[in-house]
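Residue numbers (this note's numbering): 6 to 979. Backbone N, C-alpha and C fix where the C-beta goes; we use that ideal spot for every residue, glycine too. Read through the structure below, which is laid out as structure tokens, and then see the notes.
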């Protein structure tokens, strides 16, 4: 090997052993002084010690190594340098090689080690000196980022005897054996497996004969652990003083190289084959390297992007934001994940979005060398995210509409609920128009008409203004009736039942959708959605959403329309089935309440009634048909009508209930009572009970003259009586079987009611529910009536109003909002007819009694200041007393009663009821009852326990009904 070649190779070894740390280039008067300590440590000579303890002094070698400041390798200077180094080394080295080497190894020239050290030191100096075009050379280490920061390179030398002569610090790190232990070892015996030692010895002999050799050698570190490795060895023959052959070995850790190859291949694959844009940005925030993916996106070749900055790709202010982020990453080392960047690519006006990850990159020594930029295009993902967000927003809007629209069964409220949902979440302005005929309650909505029918604006909402914009169409105020022109988009939408786009009108409204409100294939109105300029125009997705919102609102509005219709029908039915207005009765103050259990129909099976009977008597009725809803209401109406009809016959309470029971048994059958009786035995046990009508009822007749009340009960709750100053109590009225069961008679109970007493009739809905058993409810009801604050002990002028307060107090005290059953409450306060308002006489059965009856009637009427009624009353009393003398039996009783009307009663013991007939022109009699019917407001007869009573009624002067002229009545008979 030539000197030049050897110096070049030794320089490679030399650099590998210099520590990889940066030093500043400083000039010094002594160009070798600053590098001497490092040269000594890196060469491994200063610390190498023989077994004999002799220290190898390489100071002379280091001193002479700086003799050639130019670092040139000419033969003459090299020979002089080597000779001088040899003499210095030989003069300062003491000790015998034989004492330091293996026993019997022979004598090694001392100059050989010095020469090796001299060569390594000299090559150190030549490898690290750098000329500056003049001036003194300086010592420095390898610059940062050298390859030797990553790979492990070591060197050692082998003497002529084949033993390790020198051992560097890098060799210590690579093999884990100190120089003191390694020097003098046979490398073949120490590191090579026994089965390969023979080949190793042969190669060593070849090397010592002057042949170079390189190869991969597996080795094993001596010791109990026996760590194995793989090293690439480059063996270079050399000579020492005396011409003996030696060798210098350069060793590289193959495992590190293989790992570097793998890492490099992986890095290249990631960088070059990555589907993401990859940039390596240096410390000046300039692109150092870009991959093909990034170049294909921004155009040009990969090398064209070198040196570019962020502002070459992004516009301000996005570029400033990204540069600030890069500087922060470079300074702090904190990585950035999923940073979103917006920009444009060359040749396209489409805005693109990227997701970028940034992290700082370091060298092998840990020094920051740049920033890695990993970016991916998320424009499609952003678009999909926007679509998904829009879909979620639409679903949320529909969900909101489902929960907020239709909570009320009112048309106008439902329309306002629709606008509350869509403004401002879906549009900026919205209006709702409904057909006027639909709001008026027409049975048949306009439907798919020509679209020009009258509509009423029922709702308007705006998120930007309380009034339409100037320049737009003429505003239509809420509540106004209007129509759209035939050729307008709104009329077309109503006509075709399809949404239409309304053209811009030059105002601030840029997009309007006219959507018909269709429910069950019927158009009920029109809703308009508008967006102002600056908002996104309506698209196909918005059109579909608008149709869905309008359809949902239309169904709710149609339901509200149907409810309104049914509600009005229910109110009509209720008014027809219950007493109109405030009931009035002679000798009683009446207050009543009715609460339907079904709020949708407003009617049920409970009822009450107040029926005026002859003789200033009053029938009080409270009943309950088992069941709920319209079916029970219809049955209740039939029974109520039957009760009023039976009451006109002036039957006793028990007789009324018996007849009513027969009627209830005939309900639901086509043949009436007889058909029901015949089919009762043959009815199957599993017959639908819906055809069975059962009801409970309490019927009471109150006589205001005697203040006596007769009760009959058909399975109903007992009446409650509150006497003045006393606690409320339930009357012991025998409960019979419910109406419709049949087979059992009903009993009567007569009770005398004190003046000012309070009588309460009610249904079970007032005192019974799931949460309150019947016993608890009855006790609570009795307790509410006993409250002294609600029960006056004396009559007052506002007695009727006080009775209304009692009803309210009872309903507020008890649980009346359970909605399980109807509630009917009828309360009456007793105010008997005063004694001076009653005239009662017993007349003997003789003709003179007719005159006496006229005298009694005239005198009492004049005493009551009813002179206008005297003539008519005398005539009618005379007729009735005469009939009693001619057709009756026993003594005659005459009674005059004054209350709201004048009532005259004639009693006798006969059982034959008078019958009115039309007399012929030739008949001398038979016109008495006709005359009574013409002159009186009402007349009739009823049976009594001891005969019968014939009565007539005259209105008082100054009342609503005027008096009939007797002369005209007599003339009308002929």
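Under the three-state reduction of DSSP, which class applies to residue i: helix, strand or coil?
i, result
"residue 160", "strand"
"residue 631", "coil"
"residue 487", "strand"
"residue 543", "coil"
"residue 288", "coil"
"residue 875", "helix"
"residue 308", "helix"
"residue 520", "strand"
"residue 962", "coil"
"residue 810", "helix"
"residue 41", "The predicted position of residue 41 is uncertain, since its pLDDT is 32 and thus under 50; a value taken from the coordinates is nonetheless stated next. DSSP places residue 41 in helix when its eight states are reduced to three."
"residue 191", "coil"
"residue 503", "coil"
"residue 770", "helix"
"residue 707", "strand"
"residue 838", "coil"
"residue 868", "helix"
"residue 171", "strand"
"residue 818", "helix"
"residue 566", "helix"
"residue 915", "coil"
"residue 614", "strand"
Are residue i and residue j touching if we call contact CB-CB under 8 Å?
i, j, result
"residue 157", "residue 221", "no"
"residue 163", "residue 199", "no"
"residue 770", "residue 827", "yes"
"residue 949", "residue 912", "yes"
"residue 290", "residue 328", "yes"
"residue 489", "residue 516", "no"
"residue 720", "residue 741", "yes"
"residue 724", "residue 766", "yes"
"residue 531", "residue 554", "no"
So residue i packs on residue j, CB below 8 Å; how close in whole Å?
i, j, result
"residue 406", "residue 426", "5 Å"
"residue 318", "residue 348", "7 Å"
"residue 5", "residue 240", "The chain is shown from 6 up to 979; residue 5 falls before or after that span and cannot be answered."
"residue 895", "residue 947", "Not quite, the Cβ-Cβ distance comes to about 17 Å (not below 8 Å), so this is no contact."
"residue 921", "residue 938", "7 Å"
"residue 665", "residue 647", "6 Å"
"residue 303", "residue 350", "6 Å"
"residue 658", "residue 705", "7 Å"
"residue 529", "residue 562", "6 Å"
Rounded to the nearest angstrom, what separates residue i and residue j at their Cα positions?
i, j, result
"residue 364", "residue 246", "57 Å"
"residue 958", "residue 628", "30 Å"
"residue 624", "residue 445", "41 Å"
"residue 790", "residue 917", "46 Å"
"residue 56", "residue 185", "Because the pLDDT of residue 56 is 36, which lies under 50, any placement of that residue in the model is unreliable, and the number read from its coordinates should be weighed accordingly. Computed Cα separation, rounded: 8 Å."
"residue 856", "residue 919", "22 Å"
"residue 945", "residue 868", "26 Å"
"residue 108", "residue 189", "Residue confidence for residue 108 is low, a pLDDT of 36 falling below 50, so the modelled location carries little weight; the figure read from the coordinates is stated next. So the alpha carbons of these two residues sit roughly 11 Å apart."
"residue 250", "residue 195", "21 Å"
"residue 279", "residue 288", "23 Å"
"residue 305", "residue 361", "21 Å"
"residue 430", "residue 545", "17 Å"
"residue 749", "residue 662", "11 Å"
"residue 443", "residue 575", "19 Å"
"residue 174", "residue 235", "19 Å"
"residue 177", "residue 183", "5 Å"
"residue 466", "residue 535", "10 Å"
"residue 3", "residue 768", "Residue 3 is absent from the model: the chain starts at 6 and stops at 979."
For residue i, verify whether its CB is less than 7 Å away from any heavy atom of the ligand MN.
i, result
"residue 667", "The ligand MN is absent from the structure shown, which contains no ligand whatsoever."
Q. What runs of the alpha helix (DSSP H), each 4 residues or longer, lie entirely inside the segment 722–760?
A. none
Q | alpha helix (DSSP H) runs contained entirely in the segment 316–387, provided each spans 4 or more residues | A | 323–337
Q | Contained beta strand (DSSP E) runs [length at least 3] in the segment 198–241, N- to C-terminal order | A | 218–225
Q: Starting from the N-terminal side, write out each stretch of the beta strand (DSSP E) that is 3 residues or longer and does not extend beyond the segment 404–441.
A: 434–440
Q: Taking only runs that begin and end inside the segment 247–293, name each unbroken beta strand (DSSP E) of 3 or more residues, in chain order.
A: 250–258 and 282–286
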